[in-house]
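Everything below concerns the one structure shown next.
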Amino acid sequence: MGSDLDLKHVGAQYERVALEEKDLPYQPVDLLTDWFSKAVESKIPYANAATLSTINQDGYPSSRVILIKEIKEGQVIFFTNYNSEKAQAISHNPKVSINIYWKELDRQIRINGSAAKITPRESEEYFQSRPYESQISATISDQSSVVTRDELERLTDELKLKYPNAPLPCPSYWGGYEVSMHQIEFWQGRPNRLHDRFRYELTDKWEVKRLAP
Ligand SMILES: Cc1cc2nc3c(=O)[nH]c(=O)nc-3n(C[C@H](O)[C@H](O)[C@H](O)COP(=O)(O)O)c2cc1C
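FYI, in my numbering the residues of the sequence shown are -17 to 195.
Right under this line is the structure:
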């Protein structure tokens, strides 16, 4: 069979800057926003893309990519469908993990925390800032349910006839989650695999420790 693939020769060279104890702010969100600003400045495509892992009711973890739209009051905000598989998992278990990897900067961030819905007013506000086509797709998509392409296109055409122009109302089943952080780890690639890793953990205050790479 030709379906095996050997990827052991695929390597990486880490030539980047260091992350040292002296660079660590007391509040990890300050480093998070600093790293995000650098990623955006560096024009990394999809710099705000992150892998969100949830725990399904059957105990299996499940991961998918989402876009982080805001970091506000120490919380990370993303938007989705409130009936989706991820939303069902969150309603059963709000503990989530978010992973961000910027290969251009040799940086990885891991956030463990709890997700909660933002207010309908905040979701509405963001929904209204989205392009017409995105509003249509968010409205017609019963995300994570089984569907045919024909049905998706029919629903799109119908909704476009009903609302020929923006704005559409924000559906009750669509909105944001804010993730409050419990643990956050910053990983900076260094030469010879001696990478820098720092993990912040919130007890009654933030504590930070260097971890072996
Ligand atoms: C680059 C990228 C960005 C995405 N952004 C979002 C997002 O912000 N919100 C969302 O619900 N799905 C987003 N998706 C789709 C999700 O990965 C996923 O397929 C969808 O949310 C359904 O996930 P679920 O069935 O686990 O709930 C994105 C996918 C990619 C590849």
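No residue lacks a Cβ here, since even glycine has one placed at the ideal position from N, Cα and C. Since this is a predicted model, take the numbers as computed values, not measurements.
Every residue whose beta carbon comes nearer than 7 Å to a heavy atom of ligand 1 appears here in chain order: Y28, A31, S44, R46, V47, I48, L49, F60, F61, T62, N63, S66, E67, K68, A69, Q125 and S126.
Looking at the backbone, the Cα of Y64 and that of P173 are separated by about 43 Å.
Its Cα nearest to that of I72, the residue T36 stands out among T36, L49 and E55.
Under a 10 Å Cβ-count criterion, S105 is classified as buried, with 16 or more other Cβ atoms of the shown protein chains found around its own Cβ. I122 and L134 have their C-alpha atoms roughly 7 Å apart.
Restricting attention to K85, L137, H74 and F109, the CA atom closest to the CA of N38 is found in H74.
Here K187 carries a coil assignment [DSSP, helix/strand/coil].
By the neighbour-count definition (other C-beta atoms within 10 Å, threshold 16), A0 is an exposed residue. Nearest C-alpha to S127 among S116, S66, P153 and G171: S66.
Restricting attention to beta strand (DSSP E) runs no shorter than 3 residues, the stretch 55 to 123 encloses them at 57 to 63, 77 to 84 and 89 to 99, ordered along the chain.
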